[in-house]
Amino acid sequence: MSLLEAGPTDRTVDRRAAALPPMGTGSPSADAGFAAVDDATDPISLVHYLDRVSGQLDGVKRQIRQQLEVSEGEFVLDVGCGAGDEACGLSALVGLSGRIIGVDASTTMVQEARRRATGSAVAVGFAIGDAQALPFAAASFDACRAERVLQHLRHPALAVTEMARVTRAGGRVVVCEPDWQTLVVDHPDHALTQRILDFRAGRLQSPWIGRQLARLFRCAGLVEISVRLVSVAFGLSEAIDSFRLEVTLRQATQAGVITATDKSHWLAELTETAQTGCFVAAATCFLVRGIKPFRA
């Protein structure tokens, strides 16, 4: 049985095998964005979104790598791998004797990840799978990572428990997630701004996951838990894109949370603030690491 064929059991597997499982599908949801990529009106637009915002998060990704402490020959799992760019980047650290596996619930994302990895001499593979029920046997990996994934899950505690399960004793689990109550946008109309940001957070499955991670790690049996805060500032165009504000404003208007006039005035004031060089927007991510303990 190969590494990518084992289900969520305690069976042992051949960690050196490289076969991939058949493709599956994500969970159905209406216009749910990253919670159900394959059901989006335009799934490829979400791939392009990840490409656009990736550079804005280089500092975050660098700190995740530092916490992951990947070494040559190790097997590493990237949960919610998206289009696979980070998995391919990590492959250089494990060398040909190790392996990086990316898993994502989206067929669209996994197909794109496989396409990007085609022809490259990297030890990386991709599979369809649910973070809340990972398709791997226990103790299959030396380290597991997830970045901006659990916010889209209905049961993020299951994902943390699964990451701990598939990690070997002494291995590392590293997760980085935003807490959307930390999102700030400087705007003259504070009440309207807060209404818009609250609506945006409410559209996510787990908007406050950042602050919950340490507790979930502890409940999953991980030890030596550390918490680091990573804040990122954005310009206006970056904020509109990174936070998908145009989508949020359209949905908030359709839901009757704000009016069309509110929407146009809010954007106009943001633009005016940006033109004076005074625009400020920022959000904070919680970067949490834990160790799978040795047990008799």
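Here the sequence shown stands for residues 7 to 302, numbered as in my numbering. Where a beta carbon is used, it is the ideal one built from N, C-alpha and C, also for glycine.
Residue range of the alpha helix (DSSP H) that residue i falls in?
i: L255; result: 251-260
i: G216; result: 215-225
i: S97; result: 91-100
i: P268; result: First, the amino acid is wrong: residue 268 is Asp here, not Pro. Run containing D268: 266-281, per the alpha helix (DSSP H) assignment.
i: L83; result: No alpha helix (DSSP H) holds L83; the beta strand (DSSP E) holding it covers 81-85.
i: A243; result: The question names Ala, but residue 243 in the sequence shown is Ser. Taken as a continuous stretch (DSSP letters only), the alpha helix (DSSP H) holding S243 covers 242-248.
Going by Cα to Cα distance, which pick from the options is closest to residue i?
i: V181; options: A129, T254, L228; result: L228
i: G88; options: V100, G135, E78; result: G135
i: A127; options: A144, E80, S103, G65; result: S103
i: A152; options: I107, V109, Q73, V85; result: V85
i: F81; options: L203, A239, I106; result: I106
i: T267; options: E244, R250, L198; result: L198
i: G296; options: R224, V130, T254, E92; result: R224
i: R256; options: D247, I246, K269, A245; result: K269
i: C94; options: H54, R209, R121, F240; result: R121
i: A261; options: E230, V236, A129, R209; result: R209
i: I70; options: D57, G79, L96; result: L96
Starting from the C-beta of residue i, find all residues in its chain whose C-beta is less than 6 Å away, skip the five residues before and the five after it, and write them out in chain order.
i: A207; result: W186, P213
i: A280; result: L242
i: V286; result: D192
i: P49; result: V43, T114
i: A175; result: K298, F300
i: A145; result: R174
i: V116; result: D110, F132, I134
i: C284; result: none
i: R234; result: L293
i: A226; result: V166, T167, A170
Note down, in chain order, each residue of its chain lying with its Cβ closer than 7 Å to the Cβ of residue i, except the 5 sequence neighbours on either side.
i: E183; result: R154, L156, Q157, I215, G216, L219, C291, F292
i: T282; result: none
i: A258; result: I202, F205, I264
i: Q73; result: V180, L293, R295
i: S248; result: V59, Q62, F240
So residue i is in the beta strand (DSSP E); what residue range does that whole segment cover?
i: G108; result: 105-110
i: L293; result: 287-297
i: A41; result: Run containing A41: none; DSSP gives neither H nor E here.
i: E78; result: It is not in any beta strand (DSSP E) - E78 carries neither H nor E in the DSSP assignment.
i: R151; result: 147-153
Excluding the five sequence neighbours on either side, which residues of its own chain have a C-beta within less than 8 Å of the C-beta of residue i, listed in chain order?
i: V190; result: V286, A287, A288, A289
Any beta carbon of chain B sitting closer than 9 Å to that of residue i?
i: A274; result: The question asks about chain B, but that chain is absent: this structure has only one protein chain.
query: Can we say the region 166-177 touches the region 261-276, given the rule of at least three CB pairs closer than 8 Å?
result: no
field: 3 or more residues per run - each beta strand (DSSP E) lying fully within the region 179-214
entry: none
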